[in-house]
Amino acid sequence: MTRTTIEVTINGVRYRHEVEPRLLLVHYIRDVVGLTGTHIGCETSLCGACTVLLNGAAVKSCTLFAVQADGAEITTIEGLGEEGRLHPIQEGFWMKHGLQCGYCTPGMILAAYQLLQRYPDPTEAQIRHGIEGNLCRCTGYQHIVEAVRYAAEKLRSQKA
Amino acid sequence: MAKKFVGERVPRVEDQRLITGRSQYVDDIVRPRMVYAAIVRSIYAHARLKEINVEAARRAPGVIAVFTGEDVREAIGPVPVASQLPDLKIPRHPVLAVEKVRYVGEPVAVVVAEDRYQARDAVDLIEVEYEPLEAVVDPERAIAEGAPILHEEFGTNVAFVWQLSGGDIERAFREAEVVVSQRMVNQRVIPVAMEPRGVVAEYHPGEGQLTVWTSTQIPHLLRTQLAAMLGLAENRVRVIAPEVGGGFGSKLNVYAEEALVGYLAMRLGRPVKWIETRRENFLSTIHGRGQIAEVEAAVKRDGTVLGLRYKIIQDVGAYHQLLTPAIPTLTGLMATGPYKIPNLHVQVIGAFTNKMATDAYRGAGRPEATYMLERMMDRIARELGLDPAEVRMRNFPQPDEFPFPTASGLAYDSGNYPQALRRALELVGYEQLRQEQQVLRQQGRYLGIGISTYVEICAIGPSPALPFGGWESATVRVEPTGKVTVLSGASPHGQGQETSFAQIVADELGVGLSDVRVIHGDTAIVQYGIGTFGSRATAVGGTAVYGAVQKVKEKATRLAAHLLGEENVANVAFEAGQFFVKDRPERRLTFQDVALAAYLAKSLPPGMEPGLEASYFFEPSNFTFPFGAHIAVVEVDPETGDVHFRRYVAVDDCGRVINPMLVDGQVHGGIVQALGQALLEEAVYDENGQLLTGELTDYAIPKATDVPWLETDRTETPSPVNPLGVKGVGEAGTIAATPAIVNAVVDALAPLGIRHLDMPLRPEKIWRAIRGA
């Protein structure tokens, strides 16, 4: 199969690879680049586990081809923060028990990232609407709502 | 000793790796020279396998091997069933179908290729010639005369008939003033853990060892079974449950693919990965529920329930999985719920159907029992013109009647059922709501209040009651630096026991939470264990940890006495991580001092072994019986049939609480899965056995916007079954909430004369019911 060269910046690091045109972005991130924090839950863009930020917008990386990301800047969960230097959203999920098995969590956190950019002080309904495209089977969502509220407050206080 | 951690809302210690994307689930595992497997699955629900043409697939780019059922039938033993029932019919369940297929999604062949795209391409090149047979998907039809037979050797689709009796059911119905009966369908649902199943297997020929990474709740039980299926010595099989992305019972099993991928790794001499697609997860990971029941209650006019008669048909599916036949027996055991109902008869008929097997799904038989009984309590109240809360109160045993013997032969450990219901009624403002309901009804608005009081059977369980052991194991290993490693035989996958077990140990040893590390899920590291299911990990596994840490403390205290020059160990105190002689408190040894001394072993008391480590296998004397009361308040829109939640109040009693934040999380998640079954979810097969709800597009699990704010509260009645007093909480929400929600909807529609609706209560069904009323 013919291969195409793409250049993608992920979490600030520039990558250049030859890929099959049919390679899904999520497989590129996971199998080619080796960042496995982005998960696959359905490959049909319904569950949101594979959510990443593509040029700042939350997208489901299972329904994009890697070639479509040529030239893009991507942020995955690994680029958001790390132990000892957590992003306020990650901290919110930790403090408010916004995760159990953790499988949906990276996608959920990045969906929350976009939501908080749109609504810095979101209502409960805005939070629920903002994460509606991300499924979680463990938490019942309530602690996720609290985690996002926690992050919103922290982000606002950092700006102030 | 003062408790610093137990009982506190301690944030989880396992979260750092999960929130930063550094955890390792099965699909994250990469081994050198690894190849990928993909599975050809039956497109027919019932058919003879005529010919499988694999030549094109074998020649496809990157393909390494293709195997069919005939190729592996001698090499891999059948998929096991652990449950035993009298006269249980156990069909041979091959890992790849031989001669016949019996459900859509049954594995027929496997392809191995260099990458996952090539493997999936090659699957499409395999031509399977089928001779379609008539399928049977309705369990009632399956056991009726003239139905197509799945397993010819039995001559029937009846997999088992199981009965349970207590008291004198005939007399109860003779003495009844009123008989209330209802047919109810507890629909098939699909667990849908967010992480599909997956297996990586690697064989090391020099050591003769097969390592299997798999998304499982039961690594040790699986190891024993895999060794048998593959003809390996058990100590040459290592099973690792890495990070597991949700289970809910669906990974409490031994699946064909787990043995198949292990076989491929041995046969091909290369590590093999297989990751289930979501479509495969719908088709060929176990389903839950699937009961049709006729329920009859013998009651007195004051609401006292004298007896219950259940005739249940359990939809088995095409084959048994590990615990399939056991699930409805749990329904039978819990059939009298939290009530004093002295007479009971339960009959369960298991029916083979051309569908995926049912097995343990969160609650596993108990949600079915609670649903039927709680619907019946509301039906009885309606029939007799009594308040549903009052009918429940009238039938509760009182707190001084515990241990409470049930007609099903159990002894409930402890409980205060009236208190939990009273609390829930207060929180929701029940009296006021009932008044408001009257007012709204006059305005043509449909407000409904649904009560569910429940008791569940947890901490599963005493070994005599289980096909495999019901105990759990723990090792507490104090390292020379005083750091503590806990090896637990439980296999948590989101429940948070790395934290709650650390809380227990840190309090007992007076060390910090970060000084304790809990390891689980690797059979080469952890002593044999049973696993995580049946709300058992804390009540049984946590008690094993507690038992092991007592042994460690006892030895450390003896060593401390020796080091402090005190002959009488009873004079040595251990407080806040320090040992001292009670009347000479000025000289103290830290826990770390004693740990180091145990390993340096310069001076040990006579007969004491060096080191500081203990194992404990805890065998519970009984199950535990958590309980509670949930109340849903909904308004039904008569124009659209939509159900709008106004309140949801949950009062749960799971005994002593180690970490209230984790308990809330379990309750929330359980309630929302129950909400899914009550309002949204249903596995729909068409008459040919095609799964119509085989993707997330067609099968609706709750989204964030479907869920109301959940108001949780607790009462705390310690269990006498274990020294921690804990009962377990993993399934409470799923058990309690389904009938609370359905009762609320039916209550809302009561003015229209609607007495019962089968789940799921989607708007269309409600709308039609309103139109038809």
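Residue numbers (the numbering used here), protein chains in the order written: chain E, 124 to 283; chain C, 5 to 777. Note that CB positions come from ideal geometry on N, CA and C, so glycine has one too.
Item	Value
With the cut-off set at 8 Å, would you say C:Leu377 and C:Gly307 are in Cβ contact?	no
Which word fits C:Trp713, buried or exposed, when buried means at least 16 other C-beta atoms lie within 10 angstroms of its C-beta?	exposed
Measure the C-alpha to C-alpha separation of C:Arg650 and C:Val637 and round it to an integer number of angstroms.	5 Å
Check whether chain C comes within 8 Å of E:His140, counting only Cβ atoms and requiring the distance to be less than that.	no
Tell me whether the beta-carbon of C:Gly669 lies closer than 8 Å to the beta-carbon of C:Ala740.	no
List the residues of chain E that C:Tyr458 touches, going by C-beta distances under 7 Å, in chain order.	By Cβ distance, chain E contributes nothing, its closest Cβ being about 18 Å from C:Tyr458, past 7 Å.
Which residues mark the beginning and the end of the beta strand (DSSP E) in which E:Arg153 is found?	Segment: none, E:Arg153 is in no beta strand (DSSP E) and carries neither H nor E.
I believe C:Ser504 touches C:Gly546 by the beta-carbon criterion, under 8 Å. Please report the beta-carbon distance rounded to the nearest angstrom.	7 Å
Which partner residues of C:Thr215 appear in the DSSP bridge assignment?	C:Glu206 and C:Arg242
Under a CB-based cut-off of 8 Å, is C:Met5 close to chain E?	Confidence at C:Met5 is low in this model, with a pLDDT of 49, below 50, so the placement of that residue should be treated as unreliable; the coordinate-derived value is given next. Not an interface residue.
Any C-beta of chain C within less than 9 Å: which residues of the segment 217 to 229 of chain E qualify?	Trp217, Met218, Lys219, His220, Gly221, Leu222, Gln223, Cys224, Gly225, Tyr226, Cys227, Thr228 and Pro229
If contact means a Cβ-Cβ distance below 7 Å, which residues of the segment 619 to 641 of chain C contact chain E?	none
How far does the beta strand (DSSP E) with C:Leu168 in it reach, from first residue to last?	Val162 to Gly170
Spatial neighbours of C:Gln531 within its chain, please: CB distance less than 7 Å, with the 5 preceding and 5 following residues excluded, ordered by chain position.	Ser477, Thr479, Leu491, Gly493 and Ser619
Shortest alpha-carbon distance to C:Ala368 belongs to which of C:Gly734, C:Thr220, C:His224 and C:Lys277?	C:Gly734
Kindly list the residues whose CB is nearer than 7 Å to the CB of C:Thr644, restricted to its own chain and excluding five residues on each side of it in sequence; keep chain order.	Pro767 and Trp771
Using a beta-carbon distance below 8 Å, is E:Cys259 in contact with chain C?	yes
Return no unless some Cβ of chain E is closer than 8 Å to the Cβ of C:Ile705.	yes
Less than 8 Å between the beta carbons of C:Tyr207 and C:Leu234, yes or no?	no
Go ahead and label C:Val352 buried or exposed: buried means 16 or more other beta carbons lie within 10 angstroms of its beta carbon, across all protein chains shown.	buried
Under 7 Å Cβ-Cβ, which residues of chain C neighbour E:Glu205?	Thr24
Pull up the distance between the alpha-carbon of C:Ile80 and that of C:Val241, whole angstroms please.	15 Å
Look at the alpha carbon of C:Gly448 and the alpha carbon of C:Ala682, and state the distance between them as a whole number of angstroms.	24 Å
For the alpha helix (DSSP H) containing C:Ser504, name the first residue and the last one.	Gln501 to Leu513
Kindly say whether C:Pro764, judged by its beta-carbon, lies nearer than 8 Å to any beta-carbon of chain E.	no
Please compile the residues from chain E whose C-beta is within a distance smaller than 8 Å of the C-beta of C:Trp166.	Within 8 Å Cβ-Cβ: nothing; C:Trp166 doesn't reach chain E, min ~31 Å.
Skipping 5 residues on each side, what residues in its chain have a beta carbon closer than 6 Å to that of C:Arg96?	Pro82
Using a Cβ-Cβ cut-off of less than 9 Å, give me the residues of the segment 253 to 282 of chain E that come near chain D, in sequence order.	No chain D appears in the structure shown, which is made up of the protein chains E and C.
Check whether the segment 85 to 102 of chain C and the segment 318 to 333 of chain C are in contact - that is, three or more C-beta pairs closer than 8 Å.	yes
Do you know offhand how far C:Val549's Cα is from E:Leu146's?	47 Å
Put C:Ala744 into one of helix, strand or coil per three-state DSSP.	helix
For my contact list, C:His672 and E:His266 are in at a C-beta cut-off of 8 Å; report their separation, rounded to the angstrom.	7 Å
Between which two residues does the alpha helix (DSSP H) harbouring E:Val268 extend?	Gln265 to Lys282
What residues in the segment 490 to 515 of chain C bring their beta carbon closer than 8 Å to a beta carbon of chain E?	His497, Gly498, Gln499 and Gly500
Go ahead and pull the three-state DSSP assignment for E:Cys185.	helix
Is C:Ile244 near the ligand SAH - that is, is its Cβ less than 7 Å away from at least one heavy atom of it?	Although the ligand SAH was asked about, the structure shown includes no ligands whatsoever.
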